[in-house]
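Residue numbers (mature numbering (1 follows the signal peptide of the UniProt record, and there is no 0)): -18 to -1, 1 to 360.
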């Protein structure tokens, strides 16, 4: 990994985006929808931050009213996109919604569903134009699919290898003066891309809400911090091992839905599987599909992995990325066509899907130094 990675990823992304003007995309029969939550307050503060939690109308890390509205609008957009196969009335036979066990993602899913399924006819139960719809979750420490936060020794070991690699050391060395400047002014130790990303995120939100930033930030925000913040999103799924252990289970679940849909074994026979998650979830999935463009996934950034069929009853997969209020960008999985036959999609992503996540999380002892053995035997 080096600074030239930005040009490499940009080239891949440009080659992976397709015009749909002359392409018959067929009919969508099933959709995996993965999105980031909406606008939120900062998740915390840096030591010398002039603003604390009381500076915000709601606690740290919570979904704002703007964030709720962003997902309400996304839900309405999804309703238009999938109106050809979704019932107007909510039914659990149409959709399953899964969220990470975090307030802002749970609330984003609920706001999204308010736009997707406004109550009609016999589902109107009050003057409030809203109805409760189930959103499913599991505790973070057990979640290896969506939040991917369940402890995985092998993942920790492999990520540390990336973070201490010569490439990463070159990046950190090239930015040593910037890190020192940030450390001096924030009061926190800033020594990595992730540290920079966390700081950038705080300043970004404060600036978004028209809060006056300290004078010292003027020489670094956003121009010097943003490129490093964007680069930080490449680390969690940097190589195939990290991809298998971080996003592979989620990708495998999405593929399983589509295979069962084709085989008529998806029970119930749902049309949409929706996932409410985080910016890193979106970035990691794009990395795993080799479709990531250097950027910080914005609020409500959405990946659509859709199963389509044509008049010959052939099944294809399309990947689209909606990273703003604009229409989604249709992308092409490397090695396949924009309309990727389902079997080819499965073959091309096979290496990124773990066969047994729990087993693969076990550390291969021959790869571990004595210091690592001490760490993991505690």
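From the three backbone atoms N, C-alpha and C, an ideal C-beta is built for every residue, glycine too.
Only a predicted model underlies this, so the values are computations on that prediction, with no experimental measurement involved.
Of all the options the options, which has the alpha carbon lying nearest to the alpha carbon of residue i?
| i | options | result |
| --- | --- | --- |
| residue 158 | 168, 172 and 147 | 172 |
| residue 217 | 147, 124, 282 and 237 | 147 |
| residue 64 | 317, 226, 286 and 236 | 286 |
| residue 9 | 37, 33 and 298 | 298 |
| residue 15 | 325, 235 and 337 | 235 |
| residue 305 | 128, 210, 268 and 293 | 268 |
| residue 316 | 303, 330 and 43 | 330 |
| residue 272 | 280, 301, 248 and 292 | 301 |
| residue 101 | 94, 93 and 110 | 110 |
| residue 243 | 289, 113, 69 and 211 | 289 |
| residue 191 | 27, 6 and 38 | 38 |
| residue 340 | 34, 226 and 257 | 226 |
| residue 141 | 224, 207 and 93 | 224 |
Just grab the DSSP bridge partners of residue i for me.
| i | result |
| --- | --- |
| residue 322 | 299 |
| residue 166 | Partner(s): none; residue 166 has no beta bridge. |
| residue 118 | 80 |
| residue 304 | 284 |
| residue 22 | 45 |
For the alpha helix (DSSP H) containing residue i, name the first residue and the last one.
| i | result |
| --- | --- |
| residue 179 | 175 to 190 |
| residue 91 | 85 to 98 |
| residue 52 | 47 to 63 |
| residue 141 | 135 to 145 |
| residue 113 | Element bounds for residue 113: n/a, residue is neither H nor E. |
| residue 339 | 339 to 342 |
| residue 148 | 148 to 156 |
Looking at the unbroken beta strand (DSSP E) that takes in residue i, where does it start and where does it end?
| i | result |
| --- | --- |
| residue 105 | Element bounds for residue 105: n/a, residue is neither H nor E. |
| residue 9 | 9 to 18 |
| residue 259 | 254 to 259 |
| residue 288 | 284 to 291 |
| residue 313 | 311 to 313 |
| residue 127 | Premise fails: residue 127 is in no beta strand (DSSP E) and is neither H nor E. |
| residue 79 | 77 to 81 |
What whole-angstrom Cβ distance do residue i and residue j have, given they're in contact under 8 angstroms?
| i | j | result |
| --- | --- | --- |
| residue 72 | residue 115 | 6 angstroms |
| residue 434 | residue 80 | Outside the shown range of the chain, which is -18 to 360, sits residue 434, and nothing can be said about it. |
| residue 219 | residue 154 | The Cβ separation is near 20 angstroms, so there is no contact. |
| residue 30 | residue 194 | No, residue 30 and residue 194 are not in contact; Cβ-Cβ is about 14 angstroms, not under 8 angstroms. |
| residue 75 | residue 251 | 7 angstroms |
| residue 260 | residue 58 | Rounded, the Cβ-Cβ distance is 22 angstroms, inconsistent with contact. |
| residue 270 | residue 213 | About 17 angstroms separates the two Cβ atoms, so there is no contact after all. |
| residue 263 | residue 145 | Not confirmed; about 19 angstroms, so no contact. |
| residue 126 | residue 258 | Not confirmed; about 17 angstroms, so no contact. |
| residue 99 | residue 89 | With 8 angstroms as the limit, residue 99 and residue 89 do not qualify as a contact, their Cβ atoms being about 16 angstroms apart. |
| residue 281 | residue 20 | 5 angstroms |
Check your understanding: Which runs of the alpha helix (DSSP H) fall wholly inside the segment 202 to 278 and span at least 4 residues, in chain order?
Key -> 208 to 214, 222 to 228, 230 to 245 and 261 to 270
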